[in-house]
Amino acid sequence: MYTSISDGIEGAPDGGDARERAFDERLDRALKIEPPDWMPDAYRKTLTRQISQHAHSEIVGMLPEGNWITRAPSLQRKVILLAKVQDEAGHGLYLYGAAESLGTSRDELVLALLSGKAKYSSIFNYPTLTWADVGAIGWLVDGAAIINQIPITRCSYGPYARAMVRICKEESFHQRQGFDIMWTLAHGTAEQHAMAQDALDRWWWPSVMMFGPPDSESTHNVQSLRWKIKLFTNDELRTKFIDQTVPQAEQLGLAIPDPDLRWNDETKHYDIGPIDWDEFYRVIGGNGPCNKDRLQARVDAWEDGAWVREAAAEHARKHGSDAA
Ligand code: 3HC
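Letter by letter, the sequence shown follows residues 427 to 750 in this note's numbering.
Set out below in C-alpha cells:
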C-alpha cells in the first residue's frame, strides 16, 4: 500500500526535519517520490525545469525533421518519418504531463519556452540541409537521447521515470530507422556516400554537446545526482555515446570528423579532440543557426492554436470538462 511521505508527519513538532528525513530515506531506499509526497522546493523546482525543457526539446525537435516529410525519397521513408515525428509530439505531451504533476500549468510551461526563459536541446538549432540529415538525427541524436534517457527510467521522480519507459522504447525505433537511412546512403552511389559523410561532419559535434557542459561547468550535476534525478554525469554519458557510436560509423564506412579521435587502451574509452564550448554556449544562449526560426515557429503555432484552446475551454465550461 503506498503511503505518502507526508502521512503522519503533518503538524508534528519537527514536521519539517522529519519530512526532510523521510524524503532522504525514500531516496536512499530507491523508492519513488510521487506527486502527493512532500519534497524540498528546490527538488520540485529543478525537476520542473528539467522535465519541461525535455518536453520543449521533443516538440521543437519535430521541426528539423518535419522539414523533410514532404520531400522524403520514398513512400516508405515518408511513412516512417511521419510516425517518428508524431512519436516526438507524444513524448512532449507525456513529459508536459509529468512536469504538470509538480504543480506548474501547461500554459506556464509553454509560455516560459515562448518567452525564451526556458531552454530546449541545443541540437535542434541546426538546419536539416539534406535527406541524410534525417538519417544522422535518428542515428546520432536519438542515439544520444537513448543513452541520456535510459538512466532516467530509474530516476527518483515516479511520473518522470514511468514516462521514460515508453519513450525509450520508441526512441530505439527512431535510432534504428536513422541508422538504416545512413546505411542505405553510405552503401549507395558515391554522391549518396558523400551526402552521408557531410551529414556526419555537421551533426557529430552538436550531438556530443547534447549531453551538456563538461562536469566541471555543470550547474546541476552534483545536486541532481544526490537527488537521483541524474544517475550519471554529463561527461560519463557523453563518453558512453562516443564509445558506442564510433564503431557504428566504422560499420557505415564513414569517418568521424575528429582528427584526435583514438582508442585509449588504458582507459578503455576513446580520446577525442577539443569540444567547441564557445559554440555550445552561443547556441544555448539563443544564437545558434536556427534558434530564431525554431522559437518563431513555436510562437506562430501557439498563436494559430489560440482559437482551439478557447473553443475547448468554452465547451468544457458549457458541458463540463468530462463531456466527450
Ligand atoms: N541544450 C540546451 N541546454 C542545455 C544543454 C543542451 N544540450 N545541456 C545543458 N543545458 C543547460 C541546462 O539546462 C542548464 O541550464 P538551466 O539551468 O537554465 O536549465 C545549463 O545548461 C547547465 O547544464 P547542467 O549540466 O547543469 O544541466 P542539467 O543537469 O539539467 O543537464 C541535461 C543537462 C543533460 C540536458 C539534462 O537536463 C537532461 O538529462 N535532460 C533530460 C533529457 C533531455 O532534455 N534531452 C534533450 C534532448 S530530447 C531529444 O533528443 C528527443 C529525441 O526524441 C530526439
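Glycine included, C-beta positions come from ideal geometry on N, C-alpha and C.
Since the structure is predicted, the reported quantities are computational estimates derived from the model, not experimental observations.
Is the beta carbon of residue i within less than 6 Å of some heavy atom of the ligand 3HC?
{"i": "Asn574", "result": "yes"}
{"i": "Gln601", "result": "no"}
{"i": "Arg452", "result": "no"}
{"i": "Ser548", "result": "yes"}
{"i": "Arg475", "result": "yes"}
{"i": "Glu645", "result": "Position check: residue 645 holds Thr in this sequence, whereas Glu was assumed. Yes, the ligand 3HC has a heavy atom inside 6 Å of this Cβ."}
{"i": "Lys545", "result": "yes"}
{"i": "Met590", "result": "no"}
{"i": "Ser642", "result": "no"}
{"i": "His480", "result": "yes"}
{"i": "Ala742", "result": "no"}
{"i": "Asp697", "result": "no"}
{"i": "Ser483", "result": "yes"}
{"i": "Val567", "result": "yes"}
{"i": "Ser650", "result": "yes"}
{"i": "Ala525", "result": "no"}
In chain order, what residues of the same chain lie with their CB nearer than 8 Å to the CB of residue i, ignoring the 5 residues before and after it?
{"i": "Thr659", "result": "Asp641, Ser644, Asn647, Leu651"}
{"i": "Met427", "result": "Note that Met427 has pLDDT 49, beneath the 50 cutoff, so the model's placement of it is unreliable and the number below is only indicative. Contacts found: none."}
{"i": "Arg708", "result": "Gly714"}
{"i": "Lys744", "result": "none"}
{"i": "Gly492", "result": "Val511"}
{"i": "Asp568", "result": "Glu597, His600, Gln601, Gly604"}
For residue i, collect the residues of the same chain with a Cβ closer than 6 Å to its Cβ; drop the 5 residues on either side in sequence, then sort them by chain order.
{"i": "Pro632", "result": "Ile549, Tyr552"}
{"i": "Ile459", "result": "Met465, Ser582, Tyr583"}
{"i": "Ala750", "result": "Residue placement at Ala750 is flagged as unreliable, the pLDDT there being 46, under the threshold of 50; the coordinate-derived value follows with that caveat. Within the same chain, Ala750 has no close Cβ partners at all."}
{"i": "Glu596", "result": "Asp513"}
Can you tell me whether DSSP reads residue i as helix, strand or coil?
{"i": "Asp627", "result": "helix"}
{"i": "Asp697", "result": "strand"}
{"i": "Ala456", "result": "coil"}
{"i": "Asn713", "result": "helix"}
{"i": "Trp689", "result": "strand"}
{"i": "Tyr707", "result": "helix"}
{"i": "Tyr586", "result": "helix"}
{"i": "Cys581", "result": "coil"}
{"i": "Pro499", "result": "coil"}
{"i": "Asn493", "result": "coil"}
{"i": "Phe667", "result": "helix"}
{"i": "Trp565", "result": "helix"}
{"i": "Ala750", "result": "Note that Ala750 has pLDDT 46, beneath the 50 cutoff, so the model's placement of it is unreliable and no number is given."}
{"i": "Pro632", "result": "helix"}
{"i": "Gly523", "result": "helix"}
{"i": "Ile506", "result": "helix"}
{"i": "Asp450", "result": "helix"}
{"i": "His745", "result": "helix"}
Can residue i and residue j be called in contact, C-beta distance under 7 Å?
{"i": "Pro461", "j": "Ser531", "result": "no"}
{"i": "Lys656", "j": "Ser582", "result": "no"}
{"i": "Leu611", "j": "Ala675", "result": "no"}
{"i": "Ile576", "j": "Leu521", "result": "no"}
{"i": "Ile572", "j": "Gln601", "result": "yes"}
{"i": "Ile506", "j": "Gln603", "result": "yes"}
{"i": "Ala481", "j": "Gly518", "result": "yes"}
{"i": "Met621", "j": "Thr556", "result": "yes"}
{"i": "Thr474", "j": "Ala538", "result": "no"}
{"i": "Leu566", "j": "Trp728", "result": "no"}
{"i": "Gln623", "j": "Leu680", "result": "yes"}
{"i": "Met608", "j": "Leu678", "result": "yes"}
Would you mind working out which of the options sits nearest residue i, comparing C-alpha positions?
{"i": "Leu489", "options": "Ser598, Arg503, Gln512", "result": "Gln512"}
{"i": "Glu662", "options": "Ala616, Arg628, Asp697", "result": "Asp697"}
{"i": "Gly561", "options": "Asp627, Leu687, Leu540", "result": "Asp627"}
{"i": "Asp684", "options": "Lys666, Trp629, Ala456, Ala589", "result": "Trp629"}
{"i": "Thr693", "options": "Gly679, Lys666, Ile682", "result": "Lys666"}
{"i": "Phe706", "options": "Trp728, Gly638, Ser598", "result": "Gly638"}
{"i": "Arg470", "options": "Gly529, Cys716, Lys718, Val725", "result": "Gly529"}
{"i": "Val672", "options": "Val634, Asp704, Trp703", "result": "Val634"}
{"i": "Gly731", "options": "Asp704, Asp691, Asp533", "result": "Asp533"}
{"i": "Gly712", "options": "Leu453, Gly542, Arg580, Asp450", "result": "Gly542"}
{"i": "Trp703", "options": "Asp726, Met636, Ala739, Leu687", "result": "Met636"}
{"i": "Arg503", "options": "Ala739, Phe605, Val725", "result": "Phe605"}
{"i": "Arg456", "options": "Arg580, Thr472, Arg720, Asp443", "result": "In the sequence under discussion, the amino acid at residue 456 is Ala, which differs from the Arg named in the question. It is Arg580."}
Please return the same chain residues whose Cβ sits closer than 7 Å to the Cβ of residue i, not counting the five positions on each side in sequence.
{"i": "Leu710", "result": "In the sequence on display, residue 710 carries Ile and not Leu. The residues are Lys545, Ser548."}
{"i": "Gly746", "result": "none"}
{"i": "Glu514", "result": "Glu484, Gly487, Met488"}
{"i": "Ile578", "result": "Tyr586, Ala587, Met590"}
{"i": "Thr496", "result": "none"}
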